[in-house]
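If you're matching positions, the sequence shown starts at 638 in our numbering and goes up one per residue. Everything on this sheet refers to the single structure shown next.
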Amino acid sequence: PLVLLISSSIIISVWVLMIFWIDQLSIASLYGLFILLGIFASGIVSVGFAAAKELFPLQIAGTSTGITNLFPFAGGALFQPLIGLFLDHSDRLGIINPVEAYRISFLGFLAAAILALISALFLRETLSHQLSRRTPKAM
Numbered sequence: 638p639l640v641l642l643i644s645s646s647i648i649i650s651v652w653v654l655m656i657f658w659i660d661q662l663s664i665a666s667l668y669g670l671f672i673l674l675g676i677f678a679s680g681i682v683s684v685g686f687a688a689a690k691e692l693f694p695l696q697i698a699g700t701s702t703g704i705t706n707l708f709p710f711a712g713g714a715l716f717q718p719l720i721g722l723f724l725d726h727s728d729r730l731g732i733i734n735p736v737e738a739y740r741i742s743f744l745g746f747l748a749a750a751i752l753a754l755i756s757a758l759f760l761r762e763t764l765s766h767q768l769s770r771r772t773p774k775a776m
């Protein structure tokens, strides 16, 4: 879970930067922040698949990774239309400034990142368990 905690913390930091200082960030710094989001969010996904395989018995490893595979797609399927709907209707909600509309829409991503960090706190570490199974015992 240490990798998940570090990755989630970095993602939260990036979203906080973009929410509170988006109007002061240059285009180059926004590119850099989105690159960081891509790197650390994809790291979380790969660690999640490994944890799903290691936390469940081998008999249901396929089922556990299959269910884990659902969540990145479900997140994209839910967040993209919701954020798009909010941005489309932000002028009707009294938000005239497009930067302010993006700032408010980013709050959903920040909430999801905080939820991921809280979830990572409840995971068991599987690396030491896997290493002890691979290390030959002294006779």
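By construction, the Cβ of each residue, glycine as well, lies at the ideal position given by its N, Cα and C atoms. All values derive from a computational prediction rather than experimental measurement.
Which whole-angstrom value is the C-beta distance of residue i and residue j, which I expect to be below 8 Å?
i: residue 754; j: residue 642; result: 7 Å
i: residue 689; j: residue 648; result: Not quite, the Cβ-Cβ distance comes to about 20 Å (not below 8 Å), so this is no contact.
i: residue 740; j: residue 656; result: 6 Å
i: residue 727; j: residue 738; result: 4 Å
With respect to the alpha helix (DSSP H) encompassing residue i, which residues constitute its N-terminal and C-terminal limits?
i: residue 759; result: From DSSP, residue 759 is part of no alpha helix (DSSP H); its letter is neither H nor E.
i: residue 728; result: First-last for residue 728: undefined, no H or E at that position.
i: residue 659; result: It is not in any alpha helix (DSSP H) - residue 659 carries neither H nor E in the DSSP assignment.
If you count every other CB in all the chains shown that lies within 10 Å of the CB of residue i, and 16 or more means buried, which is it?
i: residue 704; result: exposed
i: residue 676; result: exposed
i: residue 742; result: buried
i: residue 644; result: buried
i: residue 711; result: exposed
i: residue 733; result: exposed
i: residue 672; result: exposed
i: residue 750; result: buried
Measure from the C-beta of residue i to each C-beta in chain B and report whether the shortest distance is under 8 Å.
i: residue 719; result: No chain B appears in the structure shown, which is made up of a single protein chain.
Legend entry - At least 3 beta-carbon pairs within less than 8 Å: the stretch 688-701 vs the stretch 650-657: no
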